[in-house]
Amino acid sequence: MPSPSFIRRKWITSAGGKRVIPLLLLASGVALLALIPLSVQSTYALHIMILTFVSIIMGSAWNILGGYTGQYSVGHAAYFGVGAYTTMILLQFRHIAPWYGMWAGVGATIVTALIIGSICFRLRGPYFVLASIAVAEIFRVTALNLKDLTNGAEGILVTELPPLKFGDTVITDFTTKVPFFYTGLITALFVIFVTRGVQHSKLGYYFQAIREDQDAAHSLGINPALYKNIALVISAVFTSVAGSLYAVYVGFIDPGTVFSLDVSVQIVTIAIIGGIGTILGPVIGAIVLVTLSEALRSNALTNALIHAGLVNADSRVGVFLKENLSHAHILIYGILVVIVILFMPQGLLGFARRIVTRKRKG
Amino acid sequence: MSIFVQSLISGILIGGVYALIGIGLTIIFGVMRVINFAHGDLLMLGMYATYFLFTQFHIDPFVSIVITMPLMFLYGAFLQRFFINRVLDALPQNQILLTIGLGLIMSNTVMLAFTSDYKILSTRYSSSSVSLHGISISLPLLVSFAITTVITIALYWFLLKTDTGQAIRATAQDREAARLMGINVKRMSIIAFGLGSALAATAGALISPTYYIFPQVGSSFTLKAFVITVLGGMGSVIGATLGGILIGVAESIGGVYFGSGWKEVVVFVLFLLVLLFRPSGLLGKSRT
Amino acid sequence: MLDVRKVNFAYGDLQVLWDVDLTVNEGEIVTLVGANGAGKSTTLRNISRLVRWSSGSILFQGEDLGLLQAHDVVGRGIVQVPEGRRIFPEMTVLENLRMGSYPSGVRKDREHNFERAFSLFPRLKERQKQLGGTLSGGEQQMLAIGRGLMANPRLLLLDEPSLGLSPLLVRSIFEIISEINRQGVTILLVEQNVYQSLRIAHRAYVLETGRVVLTGSGADLLVDDHVRKAFLGM
Amino acid sequence: MAILEIRHVSKFFGGLAANSDVSFEVEEGSIVGLIGPNGAGKTTLFNCITGYYAPSKGDVVFRGLRMNGLQPDKVCRLGMVRTWQKVRPLTNLSVLENVMVGALCRTNSLFEARRMAQEQLRVVRLDQKGALLAGALPIGERKKLEVARALATRPKLLLLDEVMGGLNPAESEELIQLILEIRKKGITQMVIEHDMKAIMRMSQNIVVLNSGEKLAEGAPEEIVSNPRVIEAYLGAEV
Amino acid sequence: MRAKSSLIIALVLTLPSFVFAANAKVKIGFVNSITGPEAPIGESLTNGVTLAIEDLKKQGIDVDLIKEDDTGKPEKSMAAFEKLATSDHVGGVVGPYPSKCAAALAKLAEKYHVPIIIPVASKDDITRQGLQWTFRLSATTNDYATILLDMATAFGKPKTIAIINENTDFGTSGAKSAKEYAAKKHLTVVAEEAYAPGSPDYRSTLASIKGKNPDLVFMVSYVADAILLMRQSREIGLTPKAFLGAGAGFATEAFAKEQDISNNVFSSTQWTQDVKWPGTKEFAARYKAQFGKEASYHASTAYESMVIMGQTLAKAKDNPARAKDLLDKGSWNGIMGVVKFADYAGYTNQNNHQMLVEQIQNGQRVTVYPPAYVSGKKAVYPFPGWTK
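Put into structure tokens, the structure is as follows:
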């Protein structure tokens with residue numbers, strides 16, 4: 159009997175088929191993005207975009223392990239945190255600039271990932287999920303308790319970033335958001351291209367074969383343990399870079415902000431809401447989630463209503479919306495997540511694709 | 002030595018409550034194969050129900066269980082009927098995200114209704130204790146342990162002796178064979194989730210006289226419930242009972258000998274070790 | 043009693059049954075024979091409503107089973123003993139039997155049905171406290187049949203009851219099937235043990251790749267060349 | 137010359153013997169049929185041979201190499217590949233990609249793998265369907281896909297587990313022809329099959345398992361007239 | 145934006161400045177933890193700010209208050225500040241509560257030249273970075289510990305101390321300060337326990353502390369765990385000479401109400417209801433009437449911060465740069481006593497706030513230290529033991 163799930167999972171893309179027009183679109187899109195800091199004056203908008211880039215990196219990184227290889231880790235906070243902490247510890251206590259420290263973070267993450275992989279990949283299904291959570295929690299509690307190394311719960315606050323120099327020329331001193339914008343943009347694009355590269359390589363086929371059927375893959379000469387670990391390392395490295403970027407940008411980390419289950423869940427949410435196993439899914443997920451949660455947080459809805467003159471700011475409705483929507487934004491967020499899962503199990507991208515195909519057919 | 006005994010006893014007593022949380026999760030997992038990330042939030046709802054009944058109607062927290070339990074059973078049944086049942090065949094990560102979303106909805110709804118203030122439920126006996134040979138035992142904890150024991154025994158009786166209870170176990174062991182016995186497995190799922198919710202809520206009610214209540218209280222219990230369930234073997238009720246007590250004791254003793262900060266590490270390392278060397282849990286049968 | 047008319051069924055896009063027609067009359071033993079994958083089990087699964095056919099109809103005593111759910115079908119008196127026994131491994135023999143009489147209509151006869159199961163399979167009585175998963179294959183098969191009888195079936199669907207049993211056990215299983223039939227239970231049997239099943243069957247259907255290709259009395263088919271060819275390649 | 141030797145292989149699960157003391161040899165270039173009633177231990181034996189289980193006792197020797205304990209991926213790289221009784225297509229990959237995954241066992245170049253895959257698809261006559269998702273194929277074509285995917289790993293020995301199960305006579309016939317073609321290419325095959333007609337036509341040697349033990353071995357004509365085989369397969373005439 | 149604001153500065157400077165013009169309109173951002181784990185305390189801050197807005201209105205200052213939730217996360221806090229500074233163009237910002245958020249915003253304030261008054265985030269480092277646009281009203285974490293030990297050594301001659309703290313920023317740094325200061329005061333630290341908040345059972349920890357028989361038990365924790373710790377201390381019969389609570393949870397009404405366990409516990413605090421600072425009593429009464437609970441120091445600091453920001457911006461005509469100068473130079477005397485943002489001991493723009501110690505006496509929170517602020521009732525020391 160064929161697994162009935164295949165009908166539902168068709169949306170997960172498989173490799174193949176190069177198209178020129180999307181590439182052109184992509185190139186012009188990237189060019190436009192790169193021009194943003196020159197034209198957009200609002201640093202608020204830049205801030206949101208930087209956070210979006212970090213989210214894209216996180217979601218795409220998870221996607222390589224979760225989406226392509228089918229290993230649903232809910233413990234990616236471990237890698238995010240290891241990256242963030244290594245960078246910040248080196249910066250704060252050893253005065254090593256973050257663009258070097260980041261690589262140390264990557265190194266530490268690779269070691270971490272291999273250890274975690276050797277433990278967790280012995281398990282499958284729900285056991286793997288729970289083990290990944292447990293590992294991340296161990297990291298969080300350890301970071302809390304290793305006060306000498308991590309400064310414990312007090313966290314690490316970085317007040318000044320050394321300028322990035324090439325020889326004696328200062329390239330940027332990181333006083334504005336623009337360098338962070340470009341760093342984020344370039345890294346995000348890099349992750350997307352790596353994902354694309356992986357998808358169109360032997361590695362990608364092997365990952366997907368493991369996702370589809372580990373035993374069948376094994377019989378075709380694929381060593382599942384090896385390739386799962388490769389996927390994990392790639393995924394963890396990018397997550398670690400996202401962590402470093404976040405830490406340097408925000409300037410403060412503590413175990414609760416970088417190692418918590420919330421971070422892991424957030425990472426998974428980005429990928430799933432967007433659509434896993436696709437290059438663009440996590441990108442869409444990140445854009446939608448960051449924008450949406452910021453819009454909800456800042457009560458953009460009420461402001462828009464007031465601005466449009468539909469609701470008077472001082473009327474009872476206006477006051478009610480102002481007071482309550484700001485309290486309810488996580489509630490609304492939760493409701494949206496539930497709606498997406500129930501009605502768009504393939505994520506936004508999958509949903510959009512289905513509508514397009516349906517239209518074409520109809 | 003007396004510190005050891007003290008920790009052991011308080012560990013066992015608190016472990017009883019943990020056991021209830023774990024049993025609830027294990028029943029849900031056993032029947033549905035869904036990891037319920039909203040389990041702690043169900044517990045939180047139980048706490049608020051207890052708090053509400055206590056402050057509004059002056060019903061003793063331990064007595065209010067008779068109201069909270071059936072209420073939360075119905076709530077859990079509702080969740081299963083309208084939400085969880087829809088994703089039973091879905092990808093596991095979607096199931097997880099759904100329960101996470103439901104948890105967010107629960108905790109934030111409660112926050113809107115009750116504000117995010119810490120609520121303290123103070124009864125006459127909240128801080129009283131009995132002393133035995135220099136070992137002090139919290140009275141409310143003792144009572145809650147007794148109630149836990151009664152509920153657990155009642156639950157065993159239900160699962161082992163009644164038709165519905167056996168049908169739930171049958172559904173957990175072989176869903177299709179259960180259908181062939183004329184068991185309505187959808188209804189069993191609803192009962193199982195209701196039961197899981199009711200047990201989580203009861204655990205919430207039982208610790209509310211000695212604990213505190215706020216909308217986000219659930220998350221740490223969700224994690225704890227995972228550990229307990231895996232430790233005992235996912236789907237094994239006896240395992241969850243033992244797992245709960247084991248975690249209670251491990252935390253308590255770990256707190257003394259490794260320091261309070263590291264006791265969580267002790268628990269999670271224990272958890273990983275079990276996952277690695279006995280992934281089916283201490284008492285779980287290995288499943289293929 | 044049971045009327046399967048032009049039933050088509052597909053798993054996803056894979057069609058397994060093609061216009062299957064078969065009837066079972068009250069008091070009969072009817073056997074379905076055919077190669078693996080011919081659609082025998084799938085036919086039973088449709089009758090039990092574990093799955094739903096895409097076209098055609100299945101009537102039981104005039105009632106359209108398509109309107110019922112699996113658990114209702116059991117309440118009507120159609121009980122399937124599934125392939126591979128599907129014993130609840132972590133329940134005792136007694137509990138497994140009890141589950142057999144889960145439908146509310148048959149609980150009152152539980153004691154009587156225990157007696158019937160134990161008299162057919164004295165072995166089960168000895169083992170009643172033992173966990174289902176620890177029984178031997180033969181015992182599990184007995185338990186599966188015993189469990190099926192607990193629901194006062196009027197039509198018993200048996201899916202490969204002799205699978206994996208030693209020849210001696212196979213013989214006694216078939217004897218017991220005949221005995222159950224003598225007690226008034228109609229039986230629809232799926233078997234790969236062609237000789238034995240045809241021997242006890244009143245009538246039989248031969249399925250090939252989801253189609254009924256041959257039908258007749260058990261005795262006739264037993265000597266039918268086609269059957270011999272189909273299953274031994276002679 | 138024997139390409140595969142099964143020497144006194146036993147496999148226990150708990151106390152239960154799924155295979156006990158099975159021994160036989162597979163001649164290079166031949167087709168060996170493995171038959172027996174359900175639950176006789178045929179698939180378990182396949183699993184022991186291809187590395188999914190380590191035999192509890194005895195040895196599996198492939199081209200002079202003791203294979204016990206080698207993981208399936210190593211076994212595949214050494215030139216022994218199996219198909220599955222219940223087909224296991226990589227459902228969300230295309231037909232071509234499924235076969236490419238097999239071919240990637242022998243090459244790192246996607247281009248080369250694609251070429252090899254197309255070649256194998258032509259062999260099983262699925263070359264027109266390469267772009268379809270594997271999950272969308274009907275059962276007969278899925279079986280062929282599985283064979284193509286296995287062939288793409290360039291095996292010396294191909295183990296086919298009930299490759300004709302659930303097929304209609306025309307489809308079975310097609311597969312029989314396919315298996316005979318494969319033999320012509322010098323690839324040894326071991327086939328689990330219920331369709332006796334097919335087994336008789338294809339095999340040079342037949343091994344019969346019953347209750348985990350080897351019941352008989354021999355040429356097709358011998359097997360079909362062996363009373364013990366008739367008893368095991370059709371049920372004893374008491 | 146910078147060009148625009150310098151234009152405004154020019155305008156302001158050339159025009160004769162009407163200080164306190166009738167119905168001055170000012171725009172203030174308020175970054176607070178409305179949701180998330182810090183929400184319970186965020187609520188106190190919101191309430192304090194609500195009262196401040198009312199009072200400012202009475203003074204003829206119309207505040208266009210823009211509330212932003214930071215959910216207790218630094219990056220959200222930053223987003224809120226970016227929005228306030230660049231799209232809402234506020235004159236100044238009050239908040240946020242968690243130290244990690246405050247630390248992040250302090251840097252942004254510097255970047256955008258928008259003054260921020262931090263009411264009660266207590267991490268020392270925040271005002272130790274030489275930042276010119278960040279002002280802090282409350283005393284720092286360090287002070288929570290020192291005032292208590294000062295008091296304990298003034299009242300008696302304790303020799304040993306046990307430190308219990310929750311494993312959070314506030315808890316860890318509070319414990320660190322206590323340890324350092326204990327050494328100065330020649331107290332031996334016999335036990336140090338950092339626990340993860342939210343565990344229902346601290347009995348084993350407390351039992352092992354009891355075994356060491358310390359004179360002082362110093363605790364840092366929020367309200368829920370404060371009650372839990374004291375309940376379980378009572379259960380196991382831990383009886384030191386004094387229970388010292390470093391603010392937060394111990395200085396709350398909820399804790400005080402638990403008379404069985406809260407009686408005679410000391411707590412350091414930024415503010416008490418009976419302290420002789422102008423307007424304290426009225427504020428406390430109004431707060432209680434309006435919100436149905438007692439005001440905490442979180443509420444009073446938020447209130448005072450908002451009042452200061454409102455008045456300053458009114459004077460500065462909603463001009464951030466001018467407001468910053470006014471904050472630098474100004475001095476206020478309200479419910480938090482005299483407030484002056486000064487540079488001292490490595491701090492920049494830090495109000496050298498006088499910490500207080502309150503003791504809970506039969507459910508009442510009474511100011512008992514320093515002597516100058518005592519309003520009547522005397523401290524009970526040593527701890528007389530548990531009531532049965």
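Protein chains in written order, with the working numbering: chain A, 159 to 520; chain B, 2 to 289; chain C, 43 to 276; chain D, 137 to 374; chain E, 145 to 532. Here a beta-carbon is modelled for each residue, glycine too, at the ideal position from N, C-alpha and C. No experiment lies behind these values; they were computed from the predicted model shown.
Could you tell me whether the Cβ of F215/B comes closer than 8 Å to any Cβ of chain E?
yes
Can you look up M236/D in the DSSP assignment and give me helix, strand or coil?
helix
Please confirm if S456/A has its CB atom under 8 Å from at least one CB of chain E.
yes
Spell out whether any CB of chain E is found under 8 Å from the CB atom of M112/B.
yes
Using the three-state DSSP reduction, which class does K301/E fall into: helix, strand or coil?
coil
Spell out whether any CB of chain C is found under 8 Å from the CB atom of Q7/B.
no
Inter-residue Cα distance where the pair is G233/A and E295/A
8 Å
Mind pulling the chain D residues with CB within less than 9 Å of G206/C?
P173, N174, G175, A176, S347
Hey, is E252/B's beta-carbon within less than 8 Å of any beta-carbon in chain E?
yes
Taking the DSSP output, what are the residues bridged to G258/C?
A246/C
Q325/D: buried (16+ other C-beta within 10 angstroms of its C-beta) or exposed?
buried
Which residues of chain B have a Cβ atom closer than 8 Å to the Cβ of I371/E, listed in chain order?
I121, Y213
Listed by chain order, chain E residues near I206/A by CB distance under 7 Å:
A223
State yes or no: is the C-beta of L232/B within less than 8 Å of the C-beta of F259/B?
no
Partners in chain B for V116/C, counting only beta-carbon separations shorter than 9 Å
R180, L181, M182, G183, I184
Anything in the region 249 to 280 of chain E with a Cβ closer than 9 Å to a Cβ of chain B? List those residues in chain order, please.
none
Between I305/E and chain B, is there a C-beta pair that is closer than 8 Å?
no
Cross-chain neighbours of I425/A in chain B, by beta carbon under 7 Å:
Simply none; closest approach about 11 Å.
Would L378/A count as contacting chain D if we go by Cβ distances under 8 Å?
yes
Whose CA, out of L191/C, L205/C, G98/C, lies closest to the CA of L139/C?
L191/C
Could you please give the first and the last residue of the uninterrupted beta strand (DSSP E) stretch that includes N176/E?
168 to 176
Given a limit of 8 Å on CB to CB distance, which residues of the region 288 to 317 of chain D reach chain C?
E298, G301, G302, L303, N304, P305
Please give the ranges of any beta strand (DSSP E) in the region 85 to 148 of chain B, keeping only runs that are unbroken, at least 3 residues long and fully inside the region.
130 to 133, 136 to 139
Skipping 5 residues on each side, what residues in its chain have a beta carbon closer than 7 Å to that of Y52/B?
K120, L122, S209, I214
Check whether chain A comes within 8 Å of W263/B, counting only Cβ atoms and requiring the distance to be less than that.
yes
Less than 7 Å between C-beta atoms, sequence neighbours within five positions excluded: which residues of the same chain meet that for T186/D?
P208, V211, M216, R218, L295
Within a Cβ cutoff of 6 Å, which residues of the same chain sit near Y245/E, ignoring the five residues on either side of it in sequence?
Reading off the sequence, residue 245/E comes out as Cys, not Tyr. Within the same chain, C245/E has close Cβ partners D214, P218, S221.
Under the three-state DSSP convention, the category H144/D falls into
strand
Could you please tell me which residues of the region 138 to 160 of chain D, in chain order, have their CB closer than 9 Å to any CB of chain C?
L152
When you check each C-beta in the region 448 to 473 of chain A against every C-beta of chain E, which residues fall closer than 9 Å?
S451, E452, R455, S456, N457
On the DSSP letters alone, give me the boundaries of the alpha helix (DSSP H) that N303/A sits inside.
283 to 303
Starting from the beta carbon of D164/B, find every residue of chain C whose beta carbon is closer than 9 Å, and list them in chain order.
R140, M141, S143, Y144, S146, R149
At a Cβ threshold of 8 Å, is N37/B touching chain A?
no
Considering only residues of the same chain and omitting the five flanking positions on each side of E357/D, which have a CB-CB separation below 7 Å?
none
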